[in-house]
Amino acid sequence: MKITFYGAAREVTGSCTLIETPTTRVLVDCGMIQGNGNSFERNMAPLPFDPSSIDALILTHAHIDHTGRVPKLVREGFKGRIFATHPTRLLTRLMWQDASHVMKDEARRYKRPALYLPKDVNPAFELLHGVPYDTTVRISDDFSFVFREAGHIFGSGFVEANVYGTRLVMSGDLGNDYVPILRPTARIVDGDVAVMESTYGDRIHEDPQHRAERLKAAVNENFSKKGTLLIPAFSLERAQEILYELHELVESKQVPPTPTFLDSPLAIKALPIYHEFSEYYDKEAAALKASGDDFFKFPGLTVTKKPDESRAILDVPKPKIIIAGSGMMHGGRIMHHLVDYLNDPKTTLLVVGYQSAGTVGRSISEGAKVVHIDHEEVQVQAKVEVIGAYSAHADQAKLIKWVTSGRTLPKKIYLNHGEPHASEELAQKIRDQFSLDVAIPAHADSFTHP
Ligand SMILES: [Zn+2]
Numbered sequence: 007m008k009i010t011f012y013g014a015a016r017e018v019t020g021s022c023t024l025i026e027t028p029t030t031r032v033l034v035d036c037g038m039i040q041g042n043g044n045s046f047e048r049n050m051a052p053l054p055f056d057p058s059s060i061d062a063l064i065l066t067h068a069h070i071d072h073t074g075r076v077p078k079l080v081r082e083g084f085k086g087r088i089f090a091t092h093p094t095r096l097l098t099r100l101m102w103q104d105a106s107h108v109m110k111d112e113a114r115r116y117k118r119p120a121l122y123l124p125k126d127v128n129p130a131f132e133l134l135h136g137v138p139y140d141t142t143v144r145i146s147d148d149f150s151f152v153f154r155e156a157g158h159i160f161g162s163g164f165v166e167a168n169v170y171g172t173r174l175v176m177s178g179d180l181g182n183d184y185v186p187i188l189r190p191t192a193r194i195v196d197g198d199v200a201v202m203e204s205t206y207g208d209r210i211h212e213d214p215q216h217r218a219e220r221l222k223a224a225v226n227e228n229f230s231k232k233g234t235l236l237i238p239a240f241s242l243e244r245a246q247e248i249l250y251e252l253h254e255l256v257e258s259k260q261v262p263p264t265p266t267f268l269d270s271p272l273a274i275k276a277l278p279i280y281h282e283f284s285e286y287y288d289k290e291a292a293a294l295k296a297s298g299d300d301f302f303k304f305p306g307l308t309v310t311k312k313p314d315e316s317r318a319i320l321d322v323p324k325p326k327i328i329i330a331g332s333g334m335m336h337g338g339r340i341m342h343h344l345v346d347y348l349n350d351p352k353t354t355l356l357v358v359g360y361q362s363a364g365t366v367g368r369s370i371s372e373g374a375k376v377v378h379i380d381h382e383e384v385q386v387q388a389k390v391e392v393i394g395a396y397s398a399h400a401d402q403a404k405l406i407k408w409v410t411s412g413r414t415l416p417k418k419i420y421l422n423h424g425e426p427h428a429s430e431e432l433a434q435k436i437r438d439q440f441s442l443d444v445a446i447p448a449h450a451d452s453f454t455h456p
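Here the sequence shown stands for residues 7 to 456, numbered as in this note's numbering.
If you want it as structure tokens, here you go:
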């Protein structure tokens, strides 16, 4: 078996790993490169392999940094099957549609080509097959695999494969503990070689069990001061988790019903997909569903699909709660709410997600008193509260627990999907505690296992 790291090598986006046997070539994830200055050029560059030579593609979850270059791969000749869990299959289509519309607009605005267009989404979706967790998929005599629960976002799976006699496990992205709706991350059954993400390889998270308590405190405080609680949230997963927690707080009367707006078209479009696959829920969510309760509905909640509905939220008297994208406050409907509410001392801005360098969200969470939004200078008078317990990725302790959870310890571990300092700290910890062989591959590095 030969493994080549074509993406997320010493960085956190663009996941793309090629596995080869004498007869079979399988790609795991084919994500978009995001963030840094030359990502547009890197995404547009030809793929470092012939797409038509790839037999199959496995998608670990729907996030665009794991799926975003697939329509390009298909347009450039890939004709094999694509495998994902059932929720990932439908969520991925949503992500592609959304990304293709954004890229079409950007192409027009910046007079440049688009990575792909809305018309490229369907040809890729037609190749995408849904498979349940813990069910063996046989790609060839040399390659079979199962998805196991990764606990990162709805439908996310890690991959346990038998590749030409080598037992290979690939984490995709692993989730935090105690995430609403999602089942806990599964243990590895067998892995001789492990590829693991290391986003938070150098960090220990705030206890995730505190998150609902902190959300409750913020909602109650906002109600008594008659303010606006602004929650910028990633449309996929974070928005749905917040709804789930608000539902529980309202129904159990721990917080008063407050006018609440889910103001994110993508988050609203994802709701039916969550409804459709209740067999993927954890025990608590499944019990709620079985009792006939819809945990995405509660007194006070309004979903605002259209732009004029979004604008009209301004006329609703306070107290109120607004959940809107984007999560890092660098686009989307949250931007006009920031302009409307940040200069009001009665506003609380609740930061519940990772804020990358260069975003408005990062500046505000670091204490900026003035930010620029659409060439407008906005004073930050709002109270800014950061809840670290909402991280969507496993921390150092959980990563180590997961990679050593199999019946035997892996003989080799590759760390990807992390900034170098995070991967290095994690690698050292694993070497010190378990004396295992850990490598941090660079872009295009290849390794062979007998
Ligand atoms: Zn992810």
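All C-beta atoms in this analysis are idealised placements derived from N, C-alpha and C, irrespective of residue type, glycine included.
For D443, the uninterrupted beta strand (DSSP E) run begins and ends at D443 to A445, by DSSP.
In the three-state DSSP reduction, G367 falls in the helix class (H, G or I). Listed as beta-bridge partners of P238 by DSSP are A330. In the DSSP assignment, no residue is bridged to M101. For the pair P447 and F11, the CB atoms are nearer than the 8 Å cut-off. Ranked by Cα distance from A218, the options L277, P186, G197 and R193 are led by P186. Taking each of D196, A428, T172 and E203 in turn and checking the Cα distance to L180, the smallest one comes out for E203. DSSP, read as helix, strand or coil, puts D401 in strand. Residues of the same chain with a CB within less than 7 Å of the CB of A90, apart from the 5 flanking positions on each side, are L65, T98, L134 and G136 in chain order. Ligand 1 never approaches I39 closely enough for any of its heavy atoms to be under 7 Å from the residue's Cβ. Excluding five sequence positions before and after F229, the CB atoms of its chain that fall closer than 6 Å to its own CB belong to P262, T264 and P325, given in chain order. In this structure D288 touches R189 by the C-beta definition: roughly 5 Å separates them, less than 8 Å. Runs of the beta strand (DSSP E) lying entirely within the segment 289–352 and spanning at least 3 residues, in chain order: 307–309 and 326–330. T66: not part of any beta strand (DSSP E); DSSP gives it neither H nor E.
Rounded to the nearest angstrom, the gap between the Cα atoms of P305 and A291 is 19 Å.
With a threshold of 7 Å, the Cβ atom of H211 does not count as near ligand 1, since no heavy atom of the ligand is closer than that. In the displayed model, D71 falls within a helix according to three-state DSSP. Spatial neighbours of S411 in its own chain (CB-CB distance under 6 Å, excluding positions within 5 residues in sequence) are listed in chain order as R193 and I194.
Here DSSP, grouped into helix, strand and coil, assigns H449 to coil.
Per the coordinates, the alpha-carbon of Y347 lies some 36 Å from the alpha-carbon of P119.
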